[in-house]
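Each protein sequence line maps, in turn, to chains A and B.
First residue of the first sequence: 1, per our numbering; consecutive thereafter.
First residue of the second sequence: 112, per our numbering; consecutive thereafter.
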Amino acid sequence: EDQVTQSPEALRLQEGESSSLNCSYTVSGLRGLFWYRQDPGKGPEFLFTLYSAGEEKEKERLKATLTKKESFLHITAPKPEDSATYLCAVQAEQAGTALIFGKGTTLSVSS
Amino acid sequence: EPEVTQTPSHQVTQMGQEVILRCVPISNHLYFYWYRQILGQKVEFLVSFYNNEISEKSEIFDDQFSVERPDGSNFTLKIRSTKLEDSAMYFCASSEYPGGKNVLTFGAGSRLTVL
C-alpha cells in the first residue's frame, strides 16, 4: 500500500533556528513528490515538485531534497511568517493522478 | 495570480440533505479534482475529472457523490444524502497537466458541517 509519513508532527523553532522536516514514503513507483504549505483555514499552496533521487529545489529559506525513500524540507533561518503546516504528497504510478498526502508537520516560529 | 474559487466557504446542513459545493477552476486548466480533509486528518483524494468525465475516483467517492461541469467555468461536487461523517473541509483543485507534472492549485475550501 502506498503511504506517506511525515515527522515530526509539530515543530517549534526560534526565529533564525534552522531545522528539517522529514517525509518518508512507500510507493510502488514514484512519479513525483510534492511539498505544499497550508495556512489555517486555507487550501494547500504549492511549494516544490521533485521527481528523482538526488534532486534539490530551493525557494527563499526553503530547500527540498529527495532520496529513494524520503524527502527533507530544510528551513534555513526561519521567520515567524514561515509558521504553517507543511504537507508532503506523492503521486504513485499505480494511483493515476491522485496525490497521497501525509498528515503534515505544523511549524511554529517565534520571534 | 490566477486562483481557484470555492463557494460556499461554510455550509451547515442536516443529515440526509443534499449539498452542492461549487468551484471555479483556473481558466486554462483542463484537469479538475476534489479532495477532502476531515479535521485533524490527512488530505484525501476523492475524484479527478477531465474532458467532461470522471478519470479516477477513490473508495470514498461512492454513489452518494457526483461531480459535474455544468458550464464552461463551474465544477461542482454534489453529496446526495449527507451523513455525519461527511463533515469535512472539501478542497477543489485544478491543474494544467495530468501525471507527474500535475502541479495542483487548490482553492481555499468549503467547510461542510452535517448535524
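Glycine is no exception: its CB is placed at the ideal position from the N, C-alpha and C atoms.
A residue is called buried when at least 16 other Cβ atoms come within 10 angstroms of its Cβ; B:V123 does not meet this threshold and is exposed.
Interface annotation, A:K103: in contact with chain B, CB-CB separation under 8 Å. Contacts with chain A at 8 Å (Cβ-Cβ) do not include B:G183. When DSSP reads this structure, A:L66 sits in a beta bridge with A:S71.
With respect to the 8 Å criterion, A:Y36 and A:A89 are classified as neighbours on the basis of their beta carbons. Comparing C-alpha distances from A:P8 to each of A:E17, A:G96, A:S24, A:D39 shows the shortest one belongs to A:S24.
In the DSSP assignment, the residues bridged to A:L50 are A:L33. The stretch 174-190 of chain B makes no contact with the stretch 94-103 of chain A; the number of CB pairs closer than 8 Å stays below 3. In this structure, the CA atom of A:A77 is about 46 Å from the CA atom of B:E164.
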